[in-house]
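One structure is given below, encoded as structure tokens.
There are 2 protein chains.
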Amino acid sequence: MSDFQTFNGKQVLITGGVGFIGSNLARRLVTLGAQVTVVDSLIPVYGGNLFNIDDIRERVILNISDVRDPFAMAYLVKGKDYLLNLAGQTSHLDSMTDPRTDLDINAAAQLSILEACRQHNPGVKIVFASTRQLYGKPEYLPVDEVHPIRPVDVNGINKLAGEWYHLLYNNVYGIRACALRLTNTYGPGMRVKDARQTFLGIWIRNVIEGKPIQVFGDGKQLRDFNYVDDVVDALLLAALNPRADGQVYNLGSREVVNLLRVAQMFKELYSRVRIEVVPFPPERKVIDIGDYYSDYSKIEAELGWQPKVNLREGFAASLAYYGKNQQHYWDAA
Amino acid sequence: MSDFQTFNGKQVLITGGVGFIGSNLARRLVTLGAQVTVVDSLIPVYGGNLFNIDDIRERVILNISDVRDPFAMAYLVKGKDYLLNLAGQTSHLDSMTDPRTDLDINAAAQLSILEACRQHNPGVKIVFASTRQLYGKPEYLPVDEVHPIRPVDVNGINKLAGEWYHLLYNNVYGIRACALRLTNTYGPGMRVKDARQTFLGIWIRNVIEGKPIQVFGDGKQLRDFNYVDDVVDALLLAALNPRADGQVYNLGSREVVNLLRVAQMFKELYSRVRIEVVPFPPERKVIDIGDYYSDYSKIEAELGWQPKVNLREGFAASLAYYGKNQQHYWDAA
Numbered sequence: 001m002s003d004f005q006t007f008n009g010k011q012v013l014i015t016g017g018v019g020f021i022g023s024n025l026a027r028r029l030v031t032l033g034a035q036v037t038v039v040d041s042l043i044p045v046y047g048g049n050l051f052n053i054d055d056i057r058e059r060v061i062l063n064i065s066d067v068r069d070p071f072a073m074a075y076l077v078k079g080k081d082y083l084l085n086l087a088g089q090t091s092h093l094d095s096m097t098d099p100r101t102d103l104d105i106n107a108a109a110q111l112s113i114l115e116a117c118r119q120h121n122p123g124v125k126i127v128f129a130s131t132r133q134l135y136g137k138p139e140y141l142p143v144d145e146v147h148p149i150r151p152v153d154v155n156g157i158n159k160l161a162g163e164w165y166h167l168l169y170n171n172v173y174g175i176r177a178c179a180l181r182l183t184n185t186y187g188p189g190m191r192v193k194d195a196r197q198t199f200l201g202i203w204i205r206n207v208i209e210g211k212p213i214q215v216f217g218d219g220k221q222l223r224d225f226n227y228v229d230d231v232v233d234a235l236l237l238a239a240l241n242p243r244a245d246g247q248v249y250n251l252g253s254r255e256v257v258n259l260l261r262v263a264q265m266f267k268e269l270y271s272r273v274r275i276e277v278v279p280f281p282p283e284r285k286v287i288d289i290g291d292y293y294s295d296y297s298k299i300e301a302e303l304g305w306q307p308k309v310n311l312r313e314g315f316a317a318s319l320a321y322y323g324k325n326q327q328h329y330w331d332a333a
Numbered sequence: 334m335s336d337f338q339t340f341n342g343k344q345v346l347i348t349g350g351v352g353f354i355g356s357n358l359a360r361r362l363v364t365l366g367a368q369v370t371v372v373d374s375l376i377p378v379y380g381g382n383l384f385n386i387d388d389i390r391e392r393v394i395l396n397i398s399d400v401r402d403p404f405a406m407a408y409l410v411k412g413k414d415y416l417l418n419l420a421g422q423t424s425h426l427d428s429m430t431d432p433r434t435d436l437d438i439n440a441a442a443q444l445s446i447l448e449a450c451r452q453h454n455p456g457v458k459i460v461f462a463s464t465r466q467l468y469g470k471p472e473y474l475p476v477d478e479v480h481p482i483r484p485v486d487v488n489g490i491n492k493l494a495g496e497w498y499h500l501l502y503n504n505v506y507g508i509r510a511c512a513l514r515l516t517n518t519y520g521p522g523m524r525v526k527d528a529r530q531t532f533l534g535i536w537i538r539n540v541i542e543g544k545p546i547q548v549f550g551d552g553k554q555l556r557d558f559n560y561v562d563d564v565v566d567a568l569l570l571a572a573l574n575p576r577a578d579g580q581v582y583n584l585g586s587r588e589v590v591n592l593l594r595v596a597q598m599f600k601e602l603y604s605r606v607r608i609e610v611v612p613f614p615p616e617r618k619v620i621d622i623g624d625y626y627s628d629y630s631k632i633e634a635e636l637g638w639q640p641k642v643n644l645r646e647g648f649a650a651s652l653a654y655y656g657k658n659q660q661h662y663w664d665a666a
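If you're matching them up, the sequences are chains A and B in order. Mapping to our numbering: the first sequence position 241 is 241, numbers consecutive. Mapping to our numbering: the second sequence position 86 is 419, numbers consecutive.
See the structure below:
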């Protein structure tokens with residue numbers, strides 16, 4: 001991927017840049033010689049954690065602000081070559097209890113970011129981090145990009161609106177933009193304090209704390225996972241390739257596993273893990289989508305992306321990271 | 334349609350109730366013996382016009398407020414049996430120049446209306462007026478409900494979010510809701526001052542003022558149209574039938590005509606009509622969708638709806654209405 005040298009000297013803005021994926025992306029871009037500005041709201045219930053950028057703190061510009069602040073965004077987008085637009089409210093449950101906040105962040109703020117680009121920097125290239133959540137309960141597997149859209153929660157609806165604003169501004173105003181529909185991303189830097197970002201977070205925390213990990217239902221639900229380094233690859237490929245403009249791409253994995261198997265892999269890596277199979281909590285059952293895994297052949301064919309890190313390696317790296325750095329991610333009980 | 338007697342004595346709230354479709358719906362419901370509350374913002378650039386309810390003014394409760402006002406809506410939804418949710422920003426062009434207002438009305442306010450129902454009146458039945466606009470440029474014709482969703486403007490994205498919030502609240506919270514995807518609706522009470530609601534509005538005004546009517550492009554774009562009385566039928570059928578809960582339905586017409594033919598029909602009704610074929614204005618061309626007409630067999634099969642008023646009758650009634658009432662719809666130049 002020698003093309004990544006293109007980022008050398010480029011101005012890159014990352015929203016959600018102190019969050020999980022944003023901070024890993026910032027680290028990679030700094031290594032590639034980019035001039036990186038990370039924007040983050042640092043709202044405690046979201047993904048931002050300053051420790052995520054501790055090692056690159058002196059090599060990025062850190063700007064604490066909220067994507068809902070149109071004036072801050074209007075300033076920040078100016079002069080940037082790339083906008084990696086990752087800020088979002090990711091909790092499905094929070095989107096149901098506080099739907100308006102989810103709308104403000106995942107839809108309204110996206111529109112104001114795009115308006116800021118249209119007015120102040122129409123030459124920027126934007127990559128938007130979207131989600132497989134908007135497919136809802138799959139009609140067929142694996143789910144490709146032409147699968148019907150059927151969000152099962154407020155978060156899915158708002159993320160979809162946010163995604164489509166990007167494609168619309170590409171198509172109507174020529175502001176180059178594309179979207180990646182991420183599946184379950186995991187790795188160092190993810191929120192593990194609770195299950196707001198992914199259930200894997202709370203599993204990892206529980207493993208390290210010596211608590212049981214809970215599998216809901218029968219544990220047979222199939223899922224696909226991407227290690228964060230692979231997602232960073234995809235974001236950079238999408239940023240560089242003009243073929244991506246106006247497109248959406250699924251990410252995904254060759255390894256499709258059920259949740260019980262994931263728990264067993266944790267146990268293989270960390271023998272003291274205890275697995276509890278428990279009934280689905282009602283508030284989760286109602287928005288559960290059953291089996292899900294993506295067809296990622298479009299991004300493979302068009303942008304040359306493939307996931308490289310297998311689950312065992314990725315889980316091992318994640319568990320090692322949080323074993324070492326737990327004090328930066330949650331307060332001991 | 335004797336079932337419509339069910340509305341006798343029922344409490345019905347109509348948002349956008351002083352607008353085009355809302356006022357026709359209010360008139361029908363009053364005739365059926367319903368207790369009707371009409372809510373309208375009366376924002377001048379939208380569809381509300383008090384003359385639309387002049388003949389039923391003493392038989393409805395008129396409440397001027399904005400669907401963006403969550404406190405007003407929380408009060409107004411209480412105790413209602415039916416909510417016919419028609420308020421919206423309908424101008425595609427305005428949605429591009431002022432996307433945030435479109436989002437606030439067509440998405441955010443819908444979410445707050447649904448939250449108001451969830452908190453204060455979960456037993457209400459809601460019918461949401463959606464639009465064929467969210468299909469974008471058709472992949473095939475006629476367009477049925479499983480056609481891919483691909484909005485071509487901000488209005489389409491926001492209307493879709495608004496529609497999906499309704500289906501989500503039906504599915505997750507059991508608040509009975511459905512959506513009708515309206516195609517071009519026309520008839521007495523539509524906005525004719527300008528083309529914000531439909532191009533037919535400005536055509537009718539021009540006919541009555543003796544000005545030429547303009548056909549964009551070659552005039553070969555196919556469209557389907559519904560006379561407002563037929564749309565009122567569909568809204569009432571959807572309100573009554575439990576089979577509609579959680580569903581979306583296209584409206585449509587047996588008569589599919591191109592725009593030049595529509596102009597010619599006007600001329601047949603009103604011999605002094607002059608037709609001008611002019612190039613597409615660039616701001617309209619970019620959001621034009623080419624040919625469009627709906628497959629409405631789903632609502633026909635499931636709810637027993639059929640359009641009854643043919644174009645010639647409907648256009649004649651519309652032209653007669655505006656010829657007589659023009660002073661209430663625009664200021665003479």
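Heads up, the beta-carbon is just placed ideally off N, CA and C, and yes, glycines get one too.
Contact with chain A by residue i, beta-carbon distance below 9 Å
| i | result |
| --- | --- |
| N504 of chain B | yes |
| R360 of chain B | no |
| D414 of chain B | no |
| V476 of chain B | no |
| Y498 of chain B | yes |
| P471 of chain B | no |
| P484 of chain B | yes |
| M406 of chain B | no |
| V564 of chain B | no |
| L426 of chain B | no |
| I354 of chain B | no |
| I490 of chain B | yes |
| L592 of chain B | no |
| M429 of chain B | yes |
Any C-beta of chain B under 9 Å from that of residue i
| i | result |
| --- | --- |
| M1 of chain A | Low local confidence applies: a pLDDT of 49 at M1 of chain A is under 50, so the model's placement there is unreliable, and no value is given. |
| L160 of chain A | yes |
| I289 of chain A | no |
| V146 of chain A | yes |
| D55 of chain A | no |
| I213 of chain A | no |
| R100 of chain A | yes |
| L103 of chain A | yes |
| V154 of chain A | yes |
| L319 of chain A | no |
| L168 of chain A | yes |
Burial state of residue i (16 or more Cβ within 10 Å)
| i | result |
| --- | --- |
| K492 of chain B | buried |
| Y473 of chain B | exposed |
| K80 of chain A | buried |
| R205 of chain A | buried |
| M1 of chain A | Note that M1 of chain A scores a pLDDT of 49, beneath 50, so its modelled location is shaky; the value from the coordinates is reported in the next line. Flag for M1 of chain A reads exposed. |
| N385 of chain B | buried |
| K324 of chain A | exposed |
| P279 of chain A | exposed |
Given residue i as reference, the closest of the options once Cα atoms are compared
| i | options | result |
| --- | --- | --- |
| I376 of chain B | B:D399, B:G355, B:Y655, B:I354 | B:D399 |
| A650 of chain B | B:K470, B:R556, B:V561 | B:V561 |
| Y654 of chain B | B:Y626, B:L358, B:G623, B:M523 | B:M523 |
| V369 of chain B | B:G349, B:E588, B:I394 | B:I394 |
| K267 of chain A | A:Q133, A:K211, A:P282, A:H328 | A:K211 |
| V356 of chain A | A:G219, A:I53, A:I299, A:K324 | Because chain A spans 1 through 333 in this model, residue 356 of chain A falls outside it and cannot be assessed. |
| Y169 of chain A | A:L134, A:F128, A:P282 | A:F128 |
| E478 of chain B | B:R509, B:Q580, B:I389 | B:Q580 |
| P640 of chain B | B:A441, B:Q452, B:A567 | B:A567 |
For residue j and residue i, believed in contact at Cβ under 8 Å, the rounded distance
| i | j | result |
| --- | --- | --- |
| S95 of chain A | D153 of chain A | 6 Å |
| V564 of chain B | T531 of chain B | The Cβ separation is near 12 Å, so there is no contact. |
| L555 of chain B | Y603 of chain B | The pair is not a contact, with the Cβ atoms about 23 Å apart (cut-off 8 Å). |
| L84 of chain A | I175 of chain A | 15 Å between Cβ atoms; not a contact. |
| N583 of chain B | R465 of chain B | 7 Å |
Report the residues of the segment 441-453 of chain B with a CB closer than 8 Å to any CB of chain A, ordered along the chain.
Along the segment 441-453 of chain B, going in chain order, the ones with a CB nearer than 8 Å to a CB of chain A are A441, L444, S445, E448.
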